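Enquirer: Just so it is clear: in the sequence shown, position 19 is 19 by UniProt numbering, and no numbers are missing. A virtual CB, placed ideally from N, CA and C, is assigned to each residue, including glycine. Nothing here was measured: the structure is a model prediction, and the numbers come from that model.
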Amino acid sequence: MQTRTLGTTGPQTSALGLGCMGMSALYGDSDRAESLATVHAALDAGVTLLDTGDFYGMGHNELLLNEALRTAPAAARESALVSVKFGALRTVEGGFTGYDGRPAAVKNFAAYSLQRLGTDHIDIYRIARLDPDVPVEETVGAIAELVEAGHVRHIGLSEVGAETLRRAAAVAPISDLQIEYSLLSRGIEDAILPTARELGIGITAYGVLSRGLISGHFSRDRKLAANDFRGMSPRFQGENLAHNLDLVDALRKIAEQKGVSVAQIAIAWVLSRGEDIVPLVGARRRDRLSEALGALDVTLDAEDLAAIERAVPADAAAGARYPSEQMAHLDSER
1 MQTRTLGTTG PQTSALGLGC MGMSALYGDS DRAESLATVH AALDAGVTLL DTGDFYGMGH
61 NELLLNEALR TAPAAARESA LVSVKFGALR TVEGGFTGYD GRPAAVKNFA AYSLQRLGTD
121 HIDIYRIARL DPDVPVEETV GAIAELVEAG HVRHIGLSEV GAETLRRAAA VAPISDLQIE
181 YSLLSRGIED AILPTARELG IGITAYGVLS RGLISGHFSR DRKLAANDFR GMSPRFQGEN
241 LAHNLDLVDA LRKIAEQKGV SVAQIAIAWV LSRGEDIVPL VGARRRDRLS EALGALDVTL
301 DAEDLAAIER AVPADAAAGA RYPSEQMAHL DSER
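#1: Of all the options A168, A268, A317, which has the alpha carbon lying nearest to the alpha carbon of L16?
#2: Could you check how far apart the C-beta atoms of V312 and L247 are, in whole angstroms? I think they sit under 8 Å.
#3: Write down the C-beta distance between H243 and A295 rounded to the nearest angstrom, noting that I regard them as a contact closer than 8 Å.
#4: Cβ atoms of S83 and L49: under 8 Å apart, would you say?
#5: Would you mind working out which of T5, Y27, G87, G10 sits nearest D228, comparing C-alpha positions?
#6: Going straight from the alpha carbon of D249 to that of V147, what length do you get?
#7: Alpha carbon to alpha carbon, how far is L63 from G202? Give it in angstroms, no decimals.
#8: Under 8 Å, do I179 and E198 count as touching if we go by C-beta distance?
#9: Which of the three DSSP states is assigned to I308 in this structure?
#10: Expressed to the nearest angstrom, what Euclidean distance is found between the alpha-carbon atoms of G7 and S175?
#11: Would you kindly work out how many angstroms separate the C-alpha atoms of V270 and A33, rounded to a whole number?
#12: May I have a chain-ordered list of the alpha helix (DSSP H) segments no shorter than 4 residues that lie completely inside the region 234–295?
#13: Helix, strand or coil: how does DSSP classify A205 here?
#14: Apart from the five residues on each side of it in sequence, which residues of its chain come closer than 7 Å, Cβ to Cβ, to D100?
#15: Please classify T91 as buried or exposed, where buried requires at least 16 other C-beta atoms within 10 Å of its C-beta.
#16: Going by the CB atoms, is the gap between Y181 and A162 shorter than 8 Å?
#17: Apart from the five residues just before and just after T13, which ones in its own chain have a Cβ nearer than 7 Å to its Cβ?
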């Protein structure tokens, strides 16, 4: 397994990480046994970075990871790094009502996560979205206190802008910024990515396949389940979907010429953007994981990158990343 380091202060991880959200929430029903088998397959392949959130399935995902790690070989368990997002406030019905970054809440969330994960420390801890009512310095300061107490190893951030990055980094070392980055979502290239590099902060990129949209497996006539949040995503609706799948068709031609899959070339593109970027793949099944890992063997030369740029230019995607009410929570989009 190839490795990369998260920033100048973060840990060394596998070059690809496993995003576990879809095993518990937001992408329709999942198979628990297959989810556990997929985590085990990832660990067997040398994947060390496992990404979760305490609000994924209201704690379900952390409990799932607890079971997966407990039943994994000791060596794989010891090498695993668990990254946890916290702060999202939920309703009984599953809705989102905001984010809580108060220091007391940070420590409360961490206590519950440690219990569900069955561990004495969290490797990387980050608030899922900036709390607009709490200065980022206070939130990061509280995580820094958890680091000092030994409950957290590294501090991360998620979906924040360049100025917030600077303010946070002035309080404590930040290992990485978790943010959406893919051929369809390149907004970080203007200011956020250069700032992260200036500050020595790594990037863990989620949504590298745009929630399956550019995986090569999403068909034009696919019907999404009622509990699949992509049904509300602007990029998956109407003319936007048709336009975006036209982009996938153009990308498919390049992939076929190289003898790889669409998903592999899309992941390889993110890998090619810099050694400080670790893509997170949201595989819920072993076959999808195996396909994603194949991206590590894909080499893109200058000609390939130019062809990809022509097929899927920056800002080519139709539709916003999230519905408007969720976009409002993204400090990275301000």
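Expert: Inspection of the coordinates gives the following:
#1: One-based indexing of the sequence shown puts residue 16 at position 16. The option with the nearest alpha carbon to L16 is A268.
#2: For the purposes of this step, residue 312 is identified with residue 312 of the sequence shown, where counting begins at 1. For the purposes of this step, residue 247 is identified with residue 247 of the sequence shown, where counting begins at 1. Going by Cβ atoms, the distance from V312 to L247 rounds to 5 Å, so yes, they are a contact pair.
#3: The sequence position of residue 243 within the sequence shown is 243, counting from 1. The sequence position of residue 295 within the sequence shown is 295, counting from 1. With 8 Å as the limit, H243 and A295 do not qualify as a contact, their Cβ atoms being about 25 Å apart.
#4: Here residue 49 is taken as the residue at index 49 of the sequence shown, counted from 1. Here residue 83 is taken as the residue at index 83 of the sequence shown, counted from 1. With contacts defined as CB atoms closer than 8 Å, L49 and S83 qualify as a contacting pair.
#5: Stepping through the sequence shown from its first residue, residue 228 is reached at position 228. Closest option to D228, Cα to Cα, is Y27.
#6: Residue mapping note: residue 249 aligns to position 249 of the sequence shown, counting from 1. Residue mapping note: residue 147 aligns to position 147 of the sequence shown, counting from 1. Between D249 and V147, the C-alpha separation is close to 46 Å.
#7: Walking along the sequence shown from the start, residue 202 turns up at place 202. Walking along the sequence shown from the start, residue 63 turns up at place 63. Between G202 and L63, the alpha-carbon positions lie close to 27 Å from each other.
#8: Here residue 179 refers to the residue found at position 179 when the sequence shown is read from its first residue. Here residue 198 refers to the residue found at position 198 when the sequence shown is read from its first residue. For I179 and E198, no; Cβs fall outside 8 Å.
#9: Here residue 308 corresponds to residue number 308 of the sequence shown, with the count starting at 1. Looking at I308 - three-state DSSP - the assignment turns out to be helix.
#10: If you number the sequence shown from 1, residue 7 lands on position 7. If you number the sequence shown from 1, residue 175 lands on position 175. Distance from the CA atom of G7 to the CA atom of S175, rounded to whole angstroms, is 5 Å.
#11: Residue 270 sits at position 270 when you count from the first residue of the sequence shown. Residue 33 sits at position 33 when you count from the first residue of the sequence shown. Rounded to the nearest whole angstrom, the CA to CA distance from V270 to A33 is 30 Å.
#12: Taken in chain order, the whole alpha helix (DSSP H) runs of length 4 or more contained in the region 234–295 are 238–258, 262–271, 286–293.
#13: Here residue 205 refers to the residue found at position 205 of the sequence shown. Three-state result, A205: strand.
#14: On the sequence shown, residue 100 is found 100 positions in, with the first residue counted as 1. A distance below 7 Å between beta-carbons, with the five flanking residues on each side excluded, links D100 to the following residues of its chain, in chain order: G87, L89, D131.
#15: Walking along the sequence shown from the start, residue 91 turns up at place 91. Around the beta carbon of T91, fewer than 16 other beta carbons sit within 10 angstroms, so the residue counts as exposed.
#16: In the sequence shown, the residue the question calls residue 162 occupies position 162. In the sequence shown, the residue the question calls residue 181 occupies position 181. It is not a contact, given that the beta carbons lie outside the stated cut-off.
#17: The count along the sequence shown starts at 1 and reaches residue 13 at position 13. T3, R4, L6, T48, L49, L81, V278.
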